[in-house]
Amino acid sequence: MEKLSRWNVAHRLQKRSLLIAVAGLSILFFGYDQGMMGGVNTSFDYYTRMGFGPRGADGGPVVTKTLLQGGIVAVYYLGTLVGALIGGTIGDRFGRVKSIFIGAIIGIVGASLQCSAMNHSWMICARLVNGWGTGILNAIVPVWATETAEHKSRGQFVAIEFTLNIVGVVIAYWLEYGCSFYGNGESSFIWRFPVAFQIPMLIGLAAVVLFFPESPRWLVKMGREDEARYILGRLRGDSLAEEKELAEAELQDIIQSTQYERNNFRKQSYLHMLFGVRSGKLHIGRRVQLVVWFQIMQEWIGIAGVTIYAPTIFGIAGMSPEKRQWIAGLNNIFYMFSTLICVFTLDRIGRRWTCYWGSVGQGIAMALAGGFSRLGQNARADGDLSKASSYGNAAVAMVYIFTFIFGATWRRGYLRTMGWDRPGDLNIHCGRTIVSI
Numbered sequence: 001m002e003k004l005s006r007w008n009v010a011h012r013l014q015k016r017s018l019l020i021a022v023a024g025l026s027i028l029f030f031g032y033d034q035g036m037m038g039g040v041n042t043s044f045d046y047y048t049r050m051g052f053g054p055r056g057a058d059g060g061p062v063v064t065k066t067l068l069q070g071g072i073v074a075v076y077y078l079g080t081l082v083g084a085l086i087g088g089t090i091g092d093r094f095g096r097v098k099s100i101f102i103g104a105i106i107g108i109v110g111a112s113l114q115c116s117a118m119n120h121s122w123m124i125c126a127r128l129v130n131g132w133g134t135g136i137l138n139a140i141v142p143v144w145a146t147e148t149a150e151h152k153s154r155g156q157f158v159a160i161e162f163t164l165n166i167v168g169v170v171i172a173y174w175l176e177y178g179c180s181f182y183g184n185g186e187s188s189f190i191w192r193f194p195v196a197f198q199i200p201m202l203i204g205l206a207a208v209v210l211f212f213p214e215s216p217r218w219l220v221k222m223g224r225e226d227e228a229r230y231i232l233g234r235l236r237g238d239s240l241a242e243e244k245e246l247a248e249a250e251l252q253d254i255i256q257s258t259q260y261e262r263n264n265f266r267k268q269s270y271l272h273m274l275f276g277v278r279s280g281k282l283h284i285g286r287r288v289q290l291v292v293w294f295q296i297m298q299e300w301i302g303i304a305g306v307t308i309y310a311p312t313i314f315g316i317a318g319m320s321p322e323k324r325q326w327i328a329g330l331n332n333i334f335y336m337f338s339t340l341i342c343v344f345t346l347d348r349i350g351r352r353w354t355c356y357w358g359s360v361g362q363g364i365a366m367a368l369a370g371g372f373s374r375l376g377q378n379a380r381a382d383g384d385l386s387k388a389s390s391y392g393n394a395a396v397a398m399v400y401i402f403t404f405i406f407g408a409t410w411r412r413g414y415l416r417t418m419g420w421d422r423p424g425d426l427n428i429h430c431g432r433t434i435v436s437i
């Protein structure tokens, strides 16, 4: 066995304590990164420096170059796509822990470039690099987490990840709201500091991740079975004879599935995985496409747009810059609490019916939010500010309802559970890390 560093936390923590530490290590950063651009987009210094347009009479942004504004947001996700695809290869070659370290370092470089950006070209390149690092983390962390969790606790484990993810979004919004009062609302600090706030998180992640245990499944693939046995013992508990037997049984299952994979699925390229070429009865293509399409469908709901552009949406509804920021932050607090509902209803109602009623509710809420926003714009153009305010408040209520229903259904329902939990299960019979994009 390769000697495990004496600083590895597996020597000191075990069972649930170690699993929670693994789950919370980087998922908070994901959520923060998702919510960060919502407040940045409404900063006066940011949108004038990037050349989006002038300042309006109400103090809010008047964006004339919407394509540029949207492009800066979207290019991050292009980088995430590339990073996720690369992350699978890196994860299988260097291990999960080292891959997370690499992703964190790239993220630090990207965040540093973002917070120092002086024009839109600079910002586009910075967002691309930052997305690349985040993509690697997104590809590796869910797999690493599910490979270290027990089969019977993976659902709860993923639930912890989701909650921490939304906590990150909430932190981003309220930090930006607090910064918005600095320098009469015109200082570059208002957007540079929240962007730079990613850096301490990533430095912390990079500093401690190398002291966390490697995935037992990856260790078995590398022929390091003794090390995998020790880590599994610490993860499952090694104080009782029964716990040791369960850990050993799980190790033997991993060894058998790894050997079965080597004998029956030799091709490990993305093309072979996506279409299941020569995978035989393993049906790898069907399994991989199941995960990929679940993730795509989840994004089509529109929650990412609401999270990023909530202050902009509330601005369209006629709210002042200050009000739209705290309204957006409050929306995310409701979002965070709504995810707890599914904990009590998911097993009783089932994943399919949870997502069915969630789809209907979200569709109605989104349609009404768009309709009320348009009516508010028309009323404001006609000079009827009272009616415009009423329509604006109604639009805000519909956005709240949309976000709440998503958190109570699809966030932890069938699609998200399958999209985040299934990669670990599919990895049992797949040589390359299954990527969640």
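Numbered according to full-length UniProt numbering, the sequence shown terminates at residue 437, and the numbering increases by one at each position without gaps. Note that beta-carbon positions come from the ideal geometry of N, C-alpha and C, so glycine has one too.
What is the rounded straight-line gap between the Cα of residue 43 and the Cα of residue 66?
15 Å
Among the candidates 387, 191, 30 and 254, whose CA atom is the shortest distance from the CA of residue 375?
387
In whole angstroms, what is the alpha-carbon distance linking residue 415 and residue 242?
Low confidence applies here, because residue 415 scores a pLDDT of 49, under 50, leaving its location unreliable and the question unanswered by this model.
Determine the burial state of residue 461: buried for a count of at least 16 other Cβ atoms within 10 Å of its Cβ, exposed for fewer.
This structure leaves residue 461 out entirely; the chain is present only between 1 and 437.
Quick check on DSSP: helix, strand or coil for residue 55?
strand
Buried or exposed for residue 33, going by 16 or more other Cβ atoms inside 10 Å?
buried
Residue 110 and residue 138 - do their beta-carbons sit closer together than 9 Å?
no
Same chain, Cβ closer than 8 Å to residue 41, five either side skipped, listed in chain order:
47, 61, 69, 73, 308, 309, 311 and 312
Residue 351 in three-state terms, based on DSSP:
helix
Just how far apart, CA to CA, sit residue 379 and residue 303?
27 Å
Which of helix, strand or coil DSSP assigns to residue 223:
coil
Output the residue ranges of the alpha helix (DSSP H) runs that lie fully inside the region 328-408 and measure 4 residues or longer, sorted by chain position.
341-349, 351-381 and 385-408
Find the nearest neighbour of residue 178 within the set 329, 224 and 51, judged by alpha-carbon distance.
329
Report yes if the C-beta distance between residue 96 and residue 257 is below 9 Å; otherwise report no.
no
Going by other Cβ atoms of all chains shown within 10 Å of its Cβ, with 16 needed for buried, is residue 245 buried or exposed?
exposed
So, is residue 104 buried or exposed, given that buried needs 16 or more other C-beta atoms within 10 angstroms?
buried
Distance, residue 382 Cα to residue 389 Cα
13 Å
At which residues does the alpha helix (DSSP H) containing residue 186 begin and terminate?
No alpha helix (DSSP H) contains residue 186, which DSSP labels as neither H nor E.
Close beta carbons around residue 458, own chain, < 8 Å, minus the five adjacent residues each side:
Not covered by the structure: residue 458. The range shown for the chain is 1 to 437.
Every unbroken alpha helix (DSSP H) inside the region 27-51 [4 residues or more]
27-40 and 44-49
Thinking C-beta only, is residue 127 closer than 9 Å to residue 209?
no
When you compare only the Cα positions, how much space is there between residue 226 and residue 143?
21 Å
Are residue 335 and residue 169 closer than 9 Å when you measure CB to CB?
yes
Span separating the alpha-carbon of residue 212 from that of residue 205:
11 Å
Tell me the rounded alpha-carbon separation between residue 26 and residue 141.
8 Å
When the Cα of residue 248 is compared with those of 260, 71, 231 and 181, which residue comes out closest?
231
Proximal residues to residue 366 (C-beta, below 6 Å), its chain only, five neighbours per side dropped:
402
Give the DSSP-derived three-state secondary structure of residue 305 in the structure shown.
helix
Minimum length 4: unbroken alpha helix (DSSP H) runs contained in the region 93-175
96-115 and 120-148
Compare the C-beta of residue 338 with all C-beta atoms of chain C and state if any pair is closer than 9 Å.
Of the protein chains in the structure, only one exists, and it is not chain C.
Let me confirm a value: residue 293 is counted as buried when at least 16 other C-beta atoms fall within 10 Å, else exposed. Which label applies?
exposed
Less than 8 Å between the CB atoms is what I'm expecting for residue 173 and residue 31, so what's the real figure, rounded?
Not really, about 10 Å apart at Cβ, beyond 8 Å.
Span of the alpha helix (DSSP H), counted from its first residue to its last, around residue 293:
284-300
Grab me the residues of residue 176's own chain with a C-beta within less than 6 Å of its C-beta, minus the 5 sequence neighbours each way, in chain order.
39 and 194
I need the straight-line Cα distance from residue 400 to residue 255, nearest angstrom please.
48 Å
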